[in-house]
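J.: Following this message is one structure expressed as structure tokens.
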Ligand SMILES: Nc1ncnc2c1ncn2[C@@H]1O[C@H](COP(=O)(O)OP(=O)(O)OP(=O)(O)O)[C@@H](O)[C@H]1O
Ligand SMILES: Nc1ncnc2c1ncn2[C@@H]1O[C@H](COP(=O)(O)OP(=O)(O)OP(=O)(O)O)[C@@H](O)[C@H]1O
Ligand SMILES: [Mg+2]
Ligand SMILES: [Mg+2]
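Chains as they are written, first to last, in our numbering: chain A, 3 to 334; chain B, 282 to 707; chain C, 39 to 566; chain D, 38 to 417.
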């Protein structure tokens with residue numbers, strides 16, 4: 003029932019039924035702590051949950067997922083509560099868990115941890131990294147190729163280093179096709195003020211300006227604010243590029259779907275599921291697993307078929323990256 | 282000064298401002314300063330602030346401080362989203378109004394019936410708003426519900442069906458779009474006027490029109506009707522009102538519930554803009570609205586100025602980082618104008634008595650103004666890209682600066698925030 | 039009286055067995071009063087006797103616990119003032135009930151607004167008000183803000199409010215407390231006209247000669263119950279007072295003079311602008327430009343052992359003068375205390391150097407109502423013994439000293455930890471007087487020291503002032519009670535529109551003549 | 038003082054009734070969510086099965102209470118003077134980053150290092166609060182607007198500082214922006230030894246039980262003494278109860294506004310330190326925000342008195358701690374926020390009601406002692 007492109011999950015039952023004390027001894031007990039916003043955000047967190055749910059159905063895992071308080075002050079406590087309740091492995095979703103996972107992992111050396119979007123920082127910690135810049139590079143290639151005005155834009159939700167990765171990749175992608183293209187860049191809020199992910203109106207104003215100035219494709223990495231970007235695109239009869247999941251499918255507004263030329267996919271669900279599977283197979287932490295173009299951890303969605311005509315070009319770019327001919331910068 | 286005189290001065294002020302903006306635009310080449318897009322964005326961003334402020338105005342004119350606007354607005358957004366995806370825009374409007382009014386009702390019960398400190402009650406409502414809405418999402422939008430299938434999650438509702446229409450002014454801002462054409466020429470003053478007018482008339486959401494109409498309506502109701510007189514008297518001297526047979530409790534209840542409804546309406550507007558409820562989309566606008574109302578001296582006109590200023594600065598900031606640097610030029614020109622006026626007054630033969638002896642302070646002020654002009658001008662010339670963080674704070678800094686400069690004759694309703702109990706005089 | 043009701047003219051108001059209890063206090067107990075139509079009926083009694091409570095009951099603001107009310111023969115039961123207004127009762131309250139930021143017109147029509155098509159019909163309201171004002175000689179400008187009105191005007195607005203509602207029975211609770219004799223006379227003229235039109239007036243006052251002058255009937259209330267109904271023709275003020283309190287009326291007579299020739303306070307050319315203080319403003323020029331001055335060239339001296347009284351209609355600069363001397367509001371000119379220039383000093387330093395201050399409004403400036411009595415004792419003495427020790431507040435010494443004040447000044451209170459709001463006005467005032475007298479001030483500002491205080495407490499406060507004066511205290515006395523002013527002062531000055539316009543000898547001035555100076559009716563002659 | 042005792046009893050009774058009512062209301066919500074209220078309330082008290090889990094829970098609970106308490110104190114100092122400092126939020130954020138940065142630039146023996154950090158934090162918080170104070174005193178700018186605006190400005194300033202001038206080294210693959218790590222000597226010693234006394238395992242929770250608790254307690258006592266026993270406190274109280282009377286008594290209102298605001302800001306400056314000195318060791322972009330706003334609720338719930346604020350902070354922290362436990366019991370954790378809001382409202386309503394009762398009692402007592410309760414029988 004969740005968004006994202008997990009695929010394979012079928013009708014879901016109440017997620018946490020059967021969790022807790024009746025768990026079979028020695029069975030797989032997976033704990034997961036979400037980032038702020040928590041379960042049901044139809045985005046990043048839910049993508050992680052889709053992976054967890056898949057582990058439940060495919061691996062017969064006993065799962066427990068916890069959402070943090072609105073101010074995110076209890077991330078570490080959630081991890082410890084899961085650890086104390088006997089869950090192993092435990093996954094923290096979001097780079098904000100980096101610090102807390104480090105400490106918790108040191109306190110519970112017998113438990114395996116994973117953190118999404120942050121590097122491993124302990125012998126029992128697996129870093130689940132995503133090469134957003136590579137996916138964004140492809141988005142940039144698509145945008146530059148498709149742009150008729152040689153002018154594209156990027157709207158970032160919050161000006162932090164994660165979103166800057168998207169920007170860097172996108173810009174590199176655009177420049178690789180048309181070095182002289184104009185690229186408008188706008189962030190909605192500063193680092194530390196996460197409201198930029200929840201401001202469709204601001205996204206709309208920022209994108210509107212870009213379209214008015216002549217941009218015809220705008221890429222967003224701004225959570226719910228992206229909705230405003232799509233609206234601006236629809237009003238200007240231009241195109242936009244979605245992020246994280248295949249937004250042409252997850253956005254339910256029928257008038258907005260056609261403006262989403264493609265979306266940069268970030269397969270958090272795959273990352274989470276693969277980690278659990280590997281754990282079951284006895285894998286230990288201490289390393290990073292990078293989900294990049296090579297393993298299709300990132301990529302472009304094709305729903306709507308709007309980028310089918312430039313598939314060759316995209317595949318070539320992807321091949322160059324996978325082969326290491328191109329190194330995509332992760333900082334602007 | 283007579284009423285007519287005041288009105289003329291206001292008009293002159295607006296004209297001078299537009300002239301100045303036009304000048305700065307031409308000199309700096311930042312067309313966004315007066316573009317229709319900026320003004321459309323300003324309107325979009327000012328309306329929810331204005332509606333929240335209007336909510337504050339109604340409550341505080343009746344003597345109840347309403348710091349809970351934010352929470353009421355949050356309730357408005359949730360209910361608008363919930364009703365909107367099922368039954369459309371009109372239902373969203375009504376449900377949002379009711380949601381906000383519910384928050385107002387809680388505030389009224391606490392402050393009017395139980396005499397609780399108004400700030401405590403407001404703070405509690407600011408806690409309750411997000412708590413209740415998150416809870417409702419967790420109950421109504423959980424996996425497996427029809428809403429979840431339609432795209433709802435714990436952090437957002439499905440999109441509302443049949444969104445509200447956004448008409449334009451025919452001929453001028455649509456179709457042939459005469460104003461748009463004129464704006465495109467970038468002529469001095471003419472294009473600026475055209476841009477402003479087009480921004481305010483092109484594809485304006487009906488709720489914007491409604492919200493803007495609410496300002497004169499509020500003025501009419503509060504200052505021109507019997508009910509309004511009673512309401513204001515409850516904020517000025519409830520004991521006097523009581524002694525004349527006015528049911529102060531009832532008036533306060535009505536005012537605070539309407540206050541909540543207006544805050545809720547601000548929430549509805551946000552939902553209309555986003556086409557759905559998004560958790561956290563109010564972003565502190567209740568507080569900004571309260572600030573705009575105080576800025577506007579508890580009056581609809583002042584509130585309109587306060588929220589427009591904030592909306593304009595936010596819109597410009599979101600659209601054009603470059604235009605923000607031209608504020609330096611703007612400030613430099615303003616200071617220069619101030620300096621010229623001062624010097625001329627200084628040199629005029631009939632200077633008023635109180636000025637004569639104050640020359641030392643006068644000179645320091647003028648020196649400071651001159652230095653400021655130079656610094657601002659220099660900043661404008663040298664800085665071409667401000668760090669984003671400094672761009673983001675434009676609206677807030679501007680509000681503070683205007684408050685500092687504007688003479689402080691704010692007068693809040695005398696019995697605002699005062700605990701009133703029937704039969705117990707203060 | 040209307041002639042159509044021949045035989046059965048019902049009494050306008052009959053109160054029977056009215057009892058009202060407040061927590062711990064029985065404010066009214068079995069009150070019986072009959073008020074005939076077309077008369078002025080006075081009700082007298084000491085502070086806290088229950089007069090205001092009774093009137094609030096008659097006006098529907100409070101519900102009686104027992105008893106019946108009949109208006110024009112019909113038994114009534116009021117839930118709110120509107121019910122009382124509906125049967126033709128109107129009330130002018132002891133304290134003004136006006137909204138400052140509204141216009142006169144708005145204040146008058148509030149609650150009985152004429153409407154036309156949904157909007158307030160100001161045109162017809164204005165017409166009606168002007169009519170009423172002309173018919174009853176109550177001139178006011180309907181479009182002015184009440185904020186800008188003087189007390190006399192406010193009083194007229196209050197009466198117009200009542201008349202506007204077509205009231206036939208008027209309740210006036212101490213309407214004369216803030217008026218000068220001329221204004222009182224004007225008011226009485228208005229009342230007589232109203233009576234001639236057949237209206238009934240119920241009138242409360244502490245000033246017994248006024249009562250005797252206007253009333254057709256008098257009811258005396260003592261400790262919440264009616265003790266007598268008398269005919270004004272048959273009693274003297276003295277007898278009336280004895281009925282009220284069971285003791286003799288005190289008089290504020292100063293016995294022998296104690297004035298010395300040592301100047302304690304010298305005020306020289308104190309001037310204050312209306313629109314905020316400008317350092318080094320050119321006052322001559324301001325005056326020339328016709329700018330309003332709140333204080334205009336005020337100069338006087340007060341000697342050791344002297345009480346200087348300042349008479350004036352409220353709003354003529356008294357408050358500003360006090361604030362200038364206390365350093366609360368900046369002003370131009372010189373102020374010297376015992377030869378030392380204190381005009382640049384802070385309020386705190388002035389107090390420390392020996393200035394005491396009994397403020398005109400004890401609730402606004404004199405007390406922390408929600409604090410205990412001993413904390414109120416500390417107020418204004420934070421930096422002095424016994425309240426202070428180092429950076430600390432000396433709680434024990436403060437409490438002990440409060441006990442002393444309670445004893446010496448007969449403050450009726452259960453303990454020093456009682457909150458100030460639980461004390462009656464008179465007791466609050468005694469506490470303030472006691473506080474300001476401690477620390478042996480050299481100079482005391484006494485603004486309305488006995489306002490709203492009953493006769494017993496009044497006498498006590500006068501005694502304290504006299505004794506301190508004998509011990510060398512210099513006092514600046516400001517009061518609206520002209521008897522008090524004339525009786526206590528050694529020298530009398532009149533303030534009018536921010537200027538001292540006359541210096542008078544209290545031993546040969548009558549309240550009426552004094553009132554003439556205060557209202558500007560008699561021009562100042564600057565005899566010294 | 039029986040009157041005071043009476044009043045205290047009333048207050049406690051009122052609070053208990055209010056909390057019971059709040060529990061009833063939240064039960065309705067919990068049932069509506071399809072969960073069992075009993076499970077939910079068990080979750081509040083369920084600190085875990087193992088001794089380590091219990092001590093972790095206790096540490097979490099107390100560690101949450103400490104910043105809430107300090108935030109409540111900061112807000113209360115303003116409120117005592119009728120100054121509404123909504124700006125605590127911005128003040129502590131800015132203070133935290135500057136203190137964390139300054140602390141990382143040098144190395145000294147622990148007591149000195151920590152003292153410097155605390156002083157810097159208080160100074161920055163106080164200075165930032167000085168801005169609205171000066172604006173109010175010189176230009177009459179309403180402190181509510183000024184502090185609201187300054188909050189946004191502070192958020193942006195910290196974001197600028199943490200990314201720019203104050204940015205520190207990060208491990209590869211860490212996306213959290215942060216100031217340089219503080220030296221070991223800056224970390225406040227923890228209080229984990231206390232758990233031995235109860236036979237519990239010392240908590241493993243980051244830093245365990247933060248030693249800043251001690252500072253908070255000392256701060257509470259100091260603030261109490263300052264407000265209740267000193268001349269300054271008296272002036273604050275007088276200005277708050279009756280401005281004109283305070284002015285007439287020689288208190289300079291401008292000085293008081295500045296003093297109270299700066300004191301409030303200085304206390305606010307400490308709010309972020311428990312987290313930084315106890316656990317994080319730096320200011321980073323995940324720094325806990327929103328404590329300033331919660332502080333308003335805590336201060337008001339605690340009636341602006343240190344002891345009350347401590348109780349309110351503990352109550353809020355107790356509820357907050359259950360975030361995880363509730364989810365493990367399948368109860369929506371938003372119930373906590375609802376409970377906090379409802380408790381604030383109901384406690385103050387109950388306060389009003391009991392206050393009125395107590396006042397009546399006191400009046401009656403006063404009247405009795407004066408013998409005023411019996412009407413005199415005159416003229417039989
Ligand atoms: N609302 C109230 N609550 C409690 N007690 C009250 C209230 N109003 C009046 N009282 C008590 O009733 C007594 C009578 O008060 P009231 O105001 O009627 O006196 P009064 O005769 O008008 O006095 P004054 O001459 O001072 O105006 C007071 O002493 C007071 O103790
Ligand atoms: N609204 C009220 N609520 C509670 N008690 C009241 C109220 N009004 C008056 N009182 C009580 O009445 C007494 C004071 O009333 P009283 O009329 O005697 O004073 P007063 O001389 O009129 O004072 P003032 O002139 O300051 O109004 C006190 O005991 C006070 O507790
Ligand atoms: Mg009285
Ligand atoms: Mg009275």
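C-beta: ideal position from N, C-alpha, C; glycine also.
Would you verify that the beta carbon of residue 324 (chain D) is, or is not, closer than 8 Å to some beta carbon of chain F?
T.: Among the protein chains of the structure shown, namely A, B, C and D, there is no chain F.
J.: Answer yes or no: do residue 381 (chain C) and residue 393 (chain C) have a C-beta to C-beta separation smaller than 8 Å?
T.: Not in contact: residue 381 (chain C) and residue 393 (chain C) (Cβ atoms no closer than 8 Å).
J.: Counting C-beta neighbours from all protein chains within 10 Å, is the total for residue 36 (chain D) 16 or more, i.e. buried, or is it exposed?
T.: No information on residue 36 (chain D) is available, as it lies outside the stretch 38 to 417 that chain D covers here.
J.: Around the C-beta of residue 333 (chain A), are 16 or more other C-beta atoms found within 10 angstroms, so that it is buried, or is it exposed?
T.: Residue 333 (chain A) comes out exposed.
J.: Does residue 24 (chain A) pass the burial test, meaning 16 or more other C-beta atoms within 10 Å, or should it be called exposed?
T.: Per-residue confidence for residue 24 (chain A) stands at a pLDDT of 38, beneath the threshold of 50, marking its modelled position as unreliable; the derived number appears in the next sentence. Under this definition residue 24 (chain A) is an exposed residue.
J.: What residues in the region 356 to 370 of chain D have a beta carbon less than 7 Å from any beta carbon of chain B?
T.: Of all residues in the region 356 to 370 of chain D, 369 have a Cβ within less than 7 Å of some Cβ in chain B.
J.: Could you give the DSSP three-state label for residue 279 (chain D): helix, strand or coil?
T.: Residue state, collapsed to three classes: coil.
J.: Output needed in chain order: residues of the region 185 to 212 of chain D with a Cβ under 8 Å from some Cβ in chain A.
T.: Answer set for the region 185 to 212 of chain D: 192, 193, 195, 196, 197, 199, 200, 208, 209, 210, 211, 212.
J.: Of all the residues that make up the region 392 to 418 of chain C, which are near chain D by a beta-carbon distance shorter than 8 Å?
T.: Here the close residues are 395, 397, 402, 403, 404, 405, 406, 407, 408, 409, 413, 416, 417, 418.
J.: Rounding to the nearest angstrom, what Cα-Cα distance links residue 540 (chain C) and residue 357 (chain C) in this structure?
T.: Approximately 18 Å, taken between the alpha carbons.
J.: Helix, strand or coil, according to DSSP, for residue 93 (chain C) in the structure here?
T.: Looking at residue 93 (chain C) - three-state DSSP - the assignment turns out to be helix.
J.: Tell me the rounded alpha-carbon separation between residue 312 (chain B) and residue 329 (chain D).
T.: Each residue's alpha carbon lies about 40 Å from the other.
J.: Got a sec? Which residues, its chain only, sit under 7 Å from residue 231 (chain C) by beta carbon, not counting five neighbours each side?
T.: Contacts found: 174, 175.
J.: Could you give the residue range of the beta strand (DSSP E) that holds residue 222 (chain A)?
T.: Where residue 222 (chain A) is concerned, the enclosing beta strand (DSSP E) stretches over 219 to 223.
J.: From the DSSP secondary-structure annotation, give me the bridge partner or partners of residue 186 (chain A).
T.: Looking at the DSSP assignment, residue 186 (chain A) forms a beta bridge with A:155.
J.: Give every residue of the same chain whose Cβ lies closer than 6 Å to the Cβ of residue 371 (chain C), excluding the five residues on either side of it in the sequence, and list them in chain order.
T.: 306, 307, 308, 309.
J.: Could you check the C-alpha separation between residue 296 (chain C) and residue 51 (chain D) for me, to the nearest Å?
T.: If you take the alpha carbons of residue 296 (chain C) and residue 51 (chain D), they lie about 59 Å apart.
J.: Using 8 Å as the limit for Cβ to Cβ distance, is residue 317 (chain D) near chain A?
T.: It does: the Cβ of residue 317 (chain D) has a partner Cβ on chain A nearer than 8 Å.
J.: Should residue 249 (chain D) and residue 133 (chain D) be called a contact, given that it needs their Cβ atoms to be closer than 8 Å?
T.: In this structure, residue 133 (chain D) does not lie closer than 8 Å to residue 249 (chain D) by Cβ.
J.: I need the DSSP call for residue 214 (chain A), collapsed to helix, strand or coil.
T.: Of the three classes helix, strand and coil, the one that applies to residue 214 (chain A) here is helix, per DSSP.
J.: State the DSSP-derived secondary structure class of residue 495 (chain C), mapped to helix, strand or coil.
T.: DSSP places residue 495 (chain C) in helix when its eight states are reduced to three.
J.: Would you list the one or two residues that DSSP bridges to residue 241 (chain A)?
T.: Beta-bridge pairing links residue 241 (chain A) to A:219.
J.: Could you tell me whether the Cβ of residue 386 (chain C) comes closer than 8 Å to any Cβ of chain D?
T.: So yes, residue 386 (chain C) belongs to the interface.
J.: Leaving out the 5 sequence neighbours to the left and right, which residues in its chain are closer than 8 Å to residue 168 (chain D) when beta-carbon positions are compared?
T.: Excluding residues within five positions, the ones whose Cβ falls inside 8 Å are 183, 187.
J.: Expressed to the nearest angstrom, what Euclidean distance is found between the alpha-carbon atoms of residue 406 (chain C) and residue 278 (chain D)?
T.: Distance between the alpha carbons of residue 406 (chain C) and residue 278 (chain D) is about 6 Å.
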